[in-house]
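A quick write-up on the structure given underneath.
Residue numbers (UniProt numbering): 1 to 119.
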């Protein structure tokens with residue numbers, strides 16, 4: 001099974017200059033747990049997750065102040081098993097999924113669990 005078969009796509013993205021209060025509202029409205037942070041030119045500068053947001057008590061901060069700059073990337077044609085190994089190795093719950101240099105999806109540990117629980 002390939003990542004593209006179970007990843008979330010299309011995805012929601014954010015930018016570094018978005019206020020944390022606005023991002024928290026978006027996470028709730030769209031029922032999401034992580035988003036890539038993209039610069040205006042489309043390059044990835046980070047990832048921010050709901051666990052990052054829970055730790056923030058000053059909602060006037062910006063995404064750039066809180067995001068993780070250590071982005072773990074998978075490819076849409078990777079095997080799910082390999083993506084899971086990468087997540088375990090790096091201790092992360094989300095991978096930004098790329099294809100031809102573009103962000104095309106997100107893969108979460110929950111996406112993987114859902115697939116294997118349905119077998």
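In this text, a Cβ means the ideal position worked out from N, Cα and C, and glycines have one as well.
Inclusion of residue 33 and residue 108 in the CB contact set at 8 Å is warranted, their separation being smaller than that value. Sequence-distant partners of residue 21 (beyond 5 residues in either direction) whose C-beta falls short of 8 Å from its own C-beta, in its chain, are 59, 60.
The three-state secondary structure of residue 80, taken from DSSP, is helix. At a Cβ-Cβ threshold of 8 Å, residue 35 and residue 54 do not count as neighbours.
In the DSSP secondary-structure assignment, residue 102 is bridged to 99. When the alpha-carbon of residue 39 is set against those of 63, 27, 74, the nearest one is in 63. Using a 10 angstroms sphere on the CB of residue 91, the tally of other CB atoms stays under 16, which defines it as exposed. For the options 41, 44, 69, 42, the alpha carbon positioned closest to that of residue 52 is the one of 69.
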